[in-house]
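So the sequences go chain by chain: A and B. Each residue of the first sequence is one higher than the last, beginning at 1 in our numbering. Each residue of the second sequence is one higher than the last, beginning at 233 in our numbering. Just so you know, even glycine gets a beta-carbon here, dropped at the ideal spot from N, CA and C. None of the values given here were measured: they were computed from a predicted structure. Here's the structure we're looking at; comments come further down.
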Amino acid sequence: MRERQLILVVDDEPQIQRFLGHALVAAGYDICLAGSGAEALAQAMAQEPDLMILDLGLPDMNGKEVIERLRLRLDLPVIVLSAHDQEMEKIMALDLGADDFVPKPFGIGELLARMRACLRPRRTARTEVISQDGLLIDLTAHQVSRDGELLRLTPKEFDLLAALAGNAGRVMTHRKLLQLVWGPAHVDDVPYLRVFIGQLRQKLERDPARPELILTEPGVGYRWARSERGTA
Amino acid sequence: MDKRPALAPDPAMESFEPPRLPPDDRRWMTTPRPGGVLGAALLLALVALAAGQLREFLPENVSILLFLTAVLINAAAFGFWVGIASALGAIAAFNFLFVEPHFTLHISRPHDLVTVAVFLLAASLTGLLAGRLREQVEAAKTRAAALEMLSQASAELAAVTGPAEVTRIVLRHLNRLSEGPAVALAPQGNGLHLIAALPEGYAPEPRELDAADIAFRHGRAELAPAQGWNGQRLSFYPLQVEGSPGPVLGHARLAPDRRDRDLRERTIEVMLRQAEQALHRLSLAQAAEAERRRAAAEETRAALLASLSHDLRTPLATILGAVTTLRELGVTLPPDSQADLLAAIEEEAERLARYVEKLLQLTRLNAGIAAQMTWVDAGDAAQAAVARARRAWPDAQILAETGDLPMIRAEAGLLEQSVFNLVENAVKYAPGPIRVTGTVDGDELVLAVLDHGPGLPPAVANWLGQDGLTGAPAGAGLGLPICKGIARTLGGRLTASRDGAGAKLALRLPIPEAAA
Numbered sequence: 001m002r003e004r005q006l007i008l009v010v011d012d013e014p015q016i017q018r019f020l021g022h023a024l025v026a027a028g029y030d031i032c033l034a035g036s037g038a039e040a041l042a043q044a045m046a047q048e049p050d051l052m053i054l055d056l057g058l059p060d061m062n063g064k065e066v067i068e069r070l071r072l073r074l075d076l077p078v079i080v081l082s083a084h085d086q087e088m089e090k091i092m093a094l095d096l097g098a099d100d101f102v103p104k105p106f107g108i109g110e111l112l113a114r115m116r117a118c119l120r121p122r123r124t125a126r127t128e129v130i131s132q133d134g135l136l137i138d139l140t141a142h143q144v145s146r147d148g149e150l151l152r153l154t155p156k157e158f159d160l161l162a163a164l165a166g167n168a169g170r171v172m173t174h175r176k177l178l179q180l181v182w183g184p185a186h187v188d189d190v191p192y193l194r195v196f197i198g199q200l201r202q203k204l205e206r207d208p209a210r211p212e213l214i215l216t217e218p219g220v221g222y223r224w225a226r227s228e229r230g231t232a
Numbered sequence: 233m234d235k236r237p238a239l240a241p242d243p244a245m246e247s248f249e250p251p252r253l254p255p256d257d258r259r260w261m262t263t264p265r266p267g268g269v270l271g272a273a274l275l276l277a278l279v280a281l282a283a284g285q286l287r288e289f290l291p292e293n294v295s296i297l298l299f300l301t302a303v304l305i306n307a308a309a310f311g312f313w314v315g316i317a318s319a320l321g322a323i324a325a326f327n328f329l330f331v332e333p334h335f336t337l338h339i340s341r342p343h344d345l346v347t348v349a350v351f352l353l354a355a356s357l358t359g360l361l362a363g364r365l366r367e368q369v370e371a372a373k374t375r376a377a378a379l380e381m382l383s384q385a386s387a388e389l390a391a392v393t394g395p396a397e398v399t400r401i402v403l404r405h406l407n408r409l410s411e412g413p414a415v416a417l418a419p420q421g422n423g424l425h426l427i428a429a430l431p432e433g434y435a436p437e438p439r440e441l442d443a444a445d446i447a448f449r450h451g452r453a454e455l456a457p458a459q460g461w462n463g464q465r466l467s468f469y470p471l472q473v474e475g476s477p478g479p480v481l482g483h484a485r486l487a488p489d490r491r492d493r494d495l496r497e498r499t500i501e502v503m504l505r506q507a508e509q510a511l512h513r514l515s516l517a518q519a520a521e522a523e524r525r526r527a528a529a530e531e532t533r534a535a536l537l538a539s540l541s542h543d544l545r546t547p548l549a550t551i552l553g554a555v556t557t558l559r560e561l562g563v564t565l566p567p568d569s570q571a572d573l574l575a576a577i578e579e580e581a582e583r584l585a586r587y588v589e590k591l592l593q594l595t596r597l598n599a600g601i602a603a604q605m606t607w608v609d610a611g612d613a614a615q616a617a618v619a620r621a622r623r624a625w626p627d628a629q630i631l632a633e634t635g636d637l638p639m640i641r642a643e644a645g646l647l648e649q650s651v652f653n654l655v656e657n658a659v660k661y662a663p664g665p666i667r668v669t670g671t672v673d674g675d676e677l678v679l680a681v682l683d684h685g686p687g688l689p690p691a692v693a694n695w696l697g698q699d700g701l702t703g704a705p706a707g708a709g710l711g712l713p714i715c716k717g718i719a720r721t722l723g724g725r726l727t728a729s730r731d732g733a734g735a736k737l738a739l740r741l742p743i744p745e746a747a748a
């Protein structure tokens, strides 16, 4: 086990590599660099990094292809850096298994927060109780309560909540949520998902018009807001 | 460049004169020509002489057959009237030589009158039949010639590349068909203007221009009145191209007494339809070409926008990332990392400033804002650009070799920027030292940037030679379009060439006479 986690930075712009290098080292990570998709795949195999930061505008292959080929061999978290004109590619990358995205340009704090969310060990068993902001979610007992008061959720609503809260801090694409909760036949029923998200917000949020728990990533999906203090 | 199908105009076709319709003068009842009369008389005299010589041996009824043969030959060869004359001559000769009393023209026997009648009948019948046959042959020849003319015209029209060619070809054929002047007029401004005439230099009279105008306004043919009546001597036909009025074509009045007049009229009509179709085809081809150009420009604009947004985004991402890193992780950063981040911020901010400057200039050039021309020392402008480039790329080797140059009329800022852009290009794409030279070439001042690189990609070099500012091929970036725009704004041009082992991009600007 390495002392410091190793981050693979894949970007063809030397200036981006330059500041990311300084920032990640200062934040306590080790880094290795790659300037192209092919190099990224080679580095990923050789170094087995703990996380990959992948720019979608690579000269030799698009980000979707990198992730597809990476996922054949390795299951490491991937954060994609995307520009505004790469929306479709970004969504495809997320659907293909990228864990999160950060739109360019970004502040280093945002990237580091996303990295921390992705580097936390994923929940394996649903034995946990998620407590956040007065909200108590018992994943095994299928019970949700706010400030001691039991909230009534339908089974689908609870599944959706579990899918979101179980991946706190990470973006969940429409497709991923629909597949998890409703199954592969419904991956395109985004309006359906929207209705259920609306119902969940009505029941969970203090002010459903200004959600603080279930955040919308426009065009991409939803994200469970993670309290930086962590879960109990 | 677009590849045209192999239907290029055949050069042989250009020199090939349209076939002539045969002249209309060999008609069976036309007045006999002197040659015909002479030939007929000669043949008759020959037969008479032979018959006279052989009078002792030949019976009378054989001699008369000889005379009849001569009459038939004359009628068949020289027409009706010559045939009749030959018949009378033959009777006279036969009567003179063979009929009692000999050597007089007196007809004593009643059956000799029958001979006269038979001769006349045979001669006239033969003359008529021969004439009709000839007429049919003529008609067939005329039709064949007309068809040949039409097929030639349609082949020529299929190969045309411009409306002027269509007019030229049709005029040539109209000239032949009408055996008189042919003109083409096109709408221009608020009236019709003569665009071509055959024979060249033919000027239609005012009444003809009026008739053409009427044809144009009403959208129907305005025919010349018959000979002898007042009015124009030309018939005018307005052409329609895609439902909108095209040129008006006119040709001389057809001679009314010619039997092939109908055929000529129909040929002219078909030819005009063909001309319309050719014009239609050209306008469609033009529209397709315009559409293709528009799509290409659109594509280029999209590519430019994509490259631009990338060019702007990267420095922004670097600056924002570095600044937030310094602020949020500053305490944990070693001093040299902090210094490097600050340097990165500075570099990227400068890069951003250059892009923004270029964008503003491109916008200004595209908007066609006039330059503020003053007397400028081009050498100074080049030196300033080189100094700026040295600051931007301290590692690059940039030599300025501008001697004493004449003053030119220009805007100093634009001139400096264009030289700077050329140097920037060289720094980016070529290794080794870069030379900036200033020379005088005839009445042009040449500011050139020479490098040791591979030169421009062919598509970009080709685009430099073209007229427009837009439509730069992808990969031309922003610098070159700006240079080209500046060169044009300053009244000059931008050229690319090979120079020894490297590339030479030259800004050629006119030297005003007062400065030379």
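Boundaries (first-last residue) of the alpha helix (DSSP H) holding residue i
i: residue 650 (chain B); result: 644-661
i: residue 299 (chain B); result: 292-310
i: residue 113 (chain A); result: 108-119
i: residue 695 (chain B); result: 690-697
Own chain residues within Cβ distance below 7 Å of residue i, not counting five before or after
i: residue 731 (chain B); result: 682
i: residue 200 (chain A); result: 157, 160, 161, 214
i: residue 268 (chain B); result: 310, 311, 314
i: residue 617 (chain B); result: 648, 651, 652, 655
i: residue 142 (chain A); result: 158
i: residue 3 (chain A); result: none
i: residue 676 (chain B); result: 740, 741, 742, 743
i: residue 400 (chain B); result: 428
i: residue 667 (chain B); result: 631, 633, 682
Residue i - containing beta strand (DSSP E), residue span
i: residue 143 (chain A); result: 143-146
i: residue 192 (chain A); result: Residue 192 (chain A) -> not in any beta strand (DSSP E); alpha helix (DSSP H) instead, spanning 190-204.
i: residue 676 (chain B); result: 676-682
i: residue 482 (chain B); result: 476-484
i: residue 172 (chain A); result: 171-173
i: residue 439 (chain B); result: Where residue 439 (chain B) is concerned, there is no enclosing beta strand (DSSP E), although the alpha helix (DSSP H) it sits in stretches over 438-450.
i: residue 736 (chain B); result: 734-742
i: residue 6 (chain A); result: 6-10
i: residue 470 (chain B); result: 466-473
i: residue 101 (chain A); result: 100-103
Beta-carbon contacts of residue i that lie in its chain and below 6 Å, excluding the five residues immediately before and after
i: residue 24 (chain A); result: 7, 31
i: residue 348 (chain B); result: 323
i: residue 719 (chain B); result: 725, 726, 739
i: residue 496 (chain B); result: 409, 486
i: residue 137 (chain A); result: 130, 144, 165
i: residue 443 (chain B); result: 454, 464, 468
Best match in the options for proximity to residue i [C-alpha to C-alpha]
i: residue 382 (chain B); options: B:505, B:671, B:604; result: B:505
i: residue 60 (chain A); options: A:29, A:168, A:40, A:224; result: A:40
i: residue 18 (chain A); options: B:394, B:554, B:695; result: B:554
i: residue 171 (chain A); options: A:209, A:110, A:111, A:99; result: A:99
i: residue 297 (chain B); options: B:354, B:605, B:528, B:693; result: B:354
i: residue 611 (chain B); options: B:476, B:687, B:722, B:633; result: B:633
i: residue 550 (chain B); options: A:58, A:104, A:26, A:73; result: A:104
i: residue 80 (chain A); options: A:64, A:107, A:72, A:69; result: A:64
i: residue 28 (chain A); options: B:562, B:620, B:363; result: B:562
Beta-carbon contacts of residue i that lie in its chain and below 8 Å, excluding the five residues immediately before and after
i: residue 403 (chain B); result: 414, 415, 416, 428, 429, 430, 481
i: residue 445 (chain B); result: 423, 424
i: residue 219 (chain A); result: 87, 91
Short of 7 Å Cβ to Cβ, which residues in the segment 552-563 of chain B face chain A? From the segment 552-563 of chain B, only 552, 553, 554, 556, 557, 560, 561 have a Cβ closer than 7 Å to chain A.
What residues from the segment 9-23 of chain A come within 9 Å of chain B, judged by C-beta to C-beta, listed N to C? Taken in chain order, the members of the segment 9-23 of chain A whose beta-carbon sits within less than 9 Å of a beta-carbon on chain B are 13, 15, 16, 18, 19, 20, 21, 22, 23.
Using a Cβ cut-off of 7 Å, which residues of the segment 103-119 of chain A contact any Cβ in chain B, in chain order? For the segment 103-119 of chain A, the residues whose beta carbon sits under 7 Å from a beta carbon of chain B are, in order, 104, 105, 106, 107, 108, 109.
Go through the segment 346-422 of chain B residue by residue and report every complete run of the beta strand (DSSP E) that reaches 3 residues or more, in order. DSSP runs (the beta strand (DSSP E)) wholly in the segment 346-422 of chain B: 414-420.
Give the list of continuous beta strand (DSSP E) stretches no shorter than 3 residues that lie fully inside the segment 61-89 of chain A. The qualifying runs are 78-82.
Any residues in the segment 567-578 of chain B with a beta carbon nearer than 7 Å to a beta carbon of chain A? Which ones, in chain order? Per Cβ criterion, the list reads 569, 572, 573, 576.
At a CB distance below 9 Å, what residues from the segment 49-67 of chain A approach chain B? Give them in sequence order. Across the segment 49-67 of chain A, CB contacts with chain B closer than 9 Å involve 57, in sequence order along the chain.
When Cβ atoms are compared, which residues of the segment 81-95 of chain A fall closer than 9 Å to chain B? Correct list: 81, 83, 84, 85.
For the segment 204-215 of chain A, which residues have a CB atom closer than 9 Å to at least one CB atom of chain B, in sequence order? Answer set for the segment 204-215 of chain A: empty.
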